Amino acid sequence: DFSVESEFSVCFLGTGAGKSSPKRGSSCTALRWSGVTYLIDCGEGTELRSEISRVSKTSIKKIFITHMHADHIFGLPSLLLGIQESCKDSAKKSASRERHLIKIYGPVGLYNYISATISLSYTELKHITVEVYELRGGSRHWVHPGTYKNFGEFQHRSLHRRSIPCNQDGTWTIEVADEIRSKDDVATTSRANQRGLNIFAAQVNHIAKMQCFGFMVQEPQTQLRKIDVDKAKALGVKPGRKYKMLKAGFPVMNDDETRQVEPDEVTAPAIPPRKAVFLGDCKGIPLPMAGLCQNADLLVHEATLLESDPKGHKTGHSTGAMAGLFADFAKARVLALNHISPTIQRSMEGCQALLEEARRVIKGPTQVQLTYDLMEIEIPRGGFGFSNKSSQDSKESSDEAGGS
Numbered sequence: 446d447f448s449v450e451s452e453f454s455v456c457f458l459g460t461g462a463g464k465s466s467p468k469r470g471s472s473c474t475a476l477r478w479s480g481v482t483y484l485i486d487c488g489e490g491t492e493l494r495s496e497i498s499r500v501s502k503t504s505i506k507k508i509f510i511t512h513m514h515a516d517h518i519f520g521l522p523s524l525l526l527g528i529q530e531s532c533k534d535s536a537k538k539s540a541s542r543e544r545h546l547i548k549i550y551g552p553v554g555l556y557n558y559i560s561a562t563i564s565l566s567y568t569e570l571k572h573i574t575v576e577v578y579e580l581r582g583g584s585r586h587w588v589h590p591g592t593y594k595n596f597g598e599f600q601h602r603s604l605h606r607r608s609i610p611c612n613q614d615g616t617w618t619i620e621v622a623d624e625i626r627s628k629d630d631v632a633t634t635s636r637a638n639q640r641g642l643n644i645f646a647a648q649v650n651h652i653a654k655m656q657c658f659g660f661m662v663q664e665p666q667t668q669l670r671k672i673d674v675d676k677a678k679a680l681g682v683k684p685g686r687k688y689k690m691l692k693a694g695f696p697v698m699n700d701d702e703t704r705q706v707e708p709d710e711v712t713a714p715a716i717p718p719r720k721a722v723f724l725g726d727c728k729g730i731p732l733p734m735a736g737l738c739q740n741a742d743l744l745v746h747e748a749t750l751l752e753s754d755p756k757g758h759k760t761g762h763s764t765g766a767m768a769g770l771f772a773d774f775a776k777a778r779v780l781a782l783n784h785i786s787p788t789i790q791r792s793m794e795g796c797q798a799l800l801e802e803a804r805r806v807i808k809g810p811t812q813v814q815l816t817y818d819l820m821e822i823e824i825p826r827g828g829f830g831f832s833n834k835s836s837q838d839s840k841e842s843s844d845e846a847g848g849s
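The sequence shown maps to residues 446 to 849 in my numbering.
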């Protein structure tokens, strides 16, 4: 197949801050890419929200936890059970005995939380295996008591504890995509998700005693090109394996071996990879994370408070203006305001004020959208390419959706 098309869309399953409400659930965002789903955070009610969304539980392969606050992790046990039930049903239909592997990434303490809830509830994980990768190191001095006291570790035969060390540049490497560098690479790759994604984490500033992360997800740098079949045929190359080489940017000989056909003769220009960044709760972005955010197609940034809130600069959270200023600095193409407080979400006026607060401080072409539960943002192939004029037009047209 070797199709150049693959989905890269974000679905917001829970967009509220703190407690859930009928309008906004606790934090959870889903990234769907090439038939695979990655979750960022897993607040209470995530499993239920997934039932009324386009997210398939059996497609969930990775879960990224930004920090250990309750509204970001309390949905994990029920979601794992929901995934197991879905995998059990799928296994019956396909007669497969292969266990579904889920990898979960997050702060130190994440394994003990999952293991304790699963073990103490006498839960059997017969159809899934869970690997928990704790991001160790970093500049923040995490002082949760579990770090220094000899708490026992719960063991579960279907849970496995792993760790990822911090890089010298202050980031954590979670996954590195396989780039196509030779014709041999083309020959051994049939689907986009075989190549993986580039996934990195870095810290954000939330509260002094808690380590909090953001996650950057980007497609491989070498993106497949679209081929003009009529042009290829005219130059003597019929549909077949040679098209895979041309899509990947390698020249081929035409079918009668009389001339070499260059990719630029029959394909569209190379396109940039799509990139999305998901930030945990924060009141500031250190340099390593800021570097990962640069030129993101989509930046998901919390905006819990308004500038007029007297607590605005005294908590570990951001205002709409703070999110807007950072998105402008990072040259993000779309800023999605997330983690909306109960006070703001209570009225259309509050939502509109938050949206305008972010827009007012942005000088560049960044578009701003206020998220709501089950909202989806599809990032087109090649990413967003807004001009300043198109940005302003879109800002005006999205007022109604932003205030929902």
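Positions of the beta carbon are idealized from the N, C-alpha and C atoms, including for glycine.
Computed from a predicted model, the values in this text were never measured in an experiment.
If I measure Cβ to Cβ from residue i and keep anything under 6 Å in the same chain, skipping five residues before and after, which residues do I get?
i, result
"residue 453", "478, 719 and 824"
"residue 688", "672"
"residue 622", "640, 641, 642, 643 and 665"
"residue 522", "562"
"residue 842", "For residue 842, the predicted model reports a pLDDT of 40, less than 50, meaning its position is unreliable; a value from the coordinates is still stated below. Closer than 6 Å at Cβ, skipping near neighbours: no residue."
"residue 446", "Only weak support is given to the placement of residue 446: the predicted model assigns it a pLDDT of 46, under 50, and the value that follows is read from those uncertain coordinates. Excluding sequence neighbours, residue 446 sits near nothing in its chain."
"residue 828", "717, 719 and 742"
"residue 464", "none"
"residue 708", "691 and 694"
"residue 783", "460, 745, 747 and 816"
"residue 806", "766, 769 and 770"
Let's test the definition: count the other Cβ atoms within 10 Å of the Cβ of residue i and tell me whether it reaches 16, buried, or not, exposed.
i, result
"residue 497", "exposed"
"residue 821", "exposed"
"residue 793", "exposed"
"residue 618", "exposed"
"residue 741", "buried"
"residue 653", "exposed"
"residue 435", "In the structure as shown, the chain begins at 446 and stops at 849. Residue 435 is therefore absent and cannot be evaluated."
"residue 602", "exposed"
"residue 835", "Only weak support exists for where residue 835 lies, its pLDDT of 44 falling under 50; the value from the coordinates is given anyway. The residue is exposed, with fewer than 16 neighbouring Cβ atoms inside 10 Å."
"residue 566", "exposed"
"residue 489", "buried"
"residue 632", "exposed"
"residue 613", "exposed"
"residue 761", "buried"
"residue 534", "exposed"
"residue 732", "exposed"
"residue 656", "buried"
"residue 668", "buried"
Could you tell me the boundaries of the beta strand (DSSP E) in which residue i lies?
i, result
"residue 556", "Note, residue 556: premise wrong, no beta strand (DSSP E); alpha helix (DSSP H) at 555-565."
"residue 607", "604-610"
"residue 509", "505-509"
"residue 724", "720-724"
"residue 454", "453-459"
"residue 581", "573-581"
"residue 476", "473-478"
"residue 822", "820-823"
"residue 642", "Where residue 642 is concerned, there is no enclosing beta strand (DSSP E), given that its DSSP letter is neither H nor E."
"residue 727", "Per DSSP, residue 727 belongs to no beta strand (DSSP E) and is neither H nor E."
"residue 600", "Unbroken run through residue 600: none, as it is neither H nor E."
"residue 781", "779-783"
Who are the near neighbours of residue i in its chain, counting only those whose CB is closer than 8 Å to its CB and skipping five residues on each side?
i, result
"residue 681", "699, 700, 701, 703, 704 and 706"
"residue 830", "778"
"residue 468", "461, 790, 817 and 818"
"residue 795", "751, 788 and 789"
"residue 697", "682, 687, 690, 691, 705 and 706"
"residue 725", "486, 511, 512, 517, 649, 651, 657, 658, 659 and 747"
Looking at the secondary structure, which residues open and close the alpha helix (DSSP H) in which residue i lies?
i, result
"residue 804", "793-805"
"residue 736", "732-738"
"residue 770", "765-775"
"residue 632", "628-632"
"residue 710", "708-711"
"residue 674", "674-679"
"residue 789", "787-790"
"residue 691", "686-692"
Once the 5 residues before and after residue i are set aside, which same chain residues still bring their CB inside 7 Å of it?
i, result
"residue 771", "730 and 746"
"residue 808", "773"
"residue 491", "458, 459, 473, 520 and 524"
"residue 572", "529, 532, 533, 536, 544 and 545"
Please find out if some non-hydrogen atom of the ligand MG comes closer than 6 Å to the beta-carbon of residue i.
i, result
"residue 764", "Absence of the ligand MG from the depicted structure is noted, as is the absence of any ligand whatsoever, leaving it without description."
Exercise. Is the stretch 468-484 touching the stretch 690-707 in the sense that three or more CB pairs, one from each, lie closer than 8 Å?
Worked result: no
Exercise. How about the stretch 556-563 and the stretch 573-580: do they share at least three Cβ pairs that are nearer than 8 Å?
Worked result: yes
Exercise. Touching or not, the stretch 536-548 and the stretch 483-499, by the rule of three or more beta carbon pairs under 8 Å?
Worked result: no
Exercise. How about the stretch 761-768 and the stretch 500-513: do they share at least three Cβ pairs that are nearer than 8 Å?
Worked result: no
Exercise. What alpha helix (DSSP H) runs, 4 residues minimum, are completely inside the stretch 486-552?
Worked result: 491-496, 515-518 and 521-539
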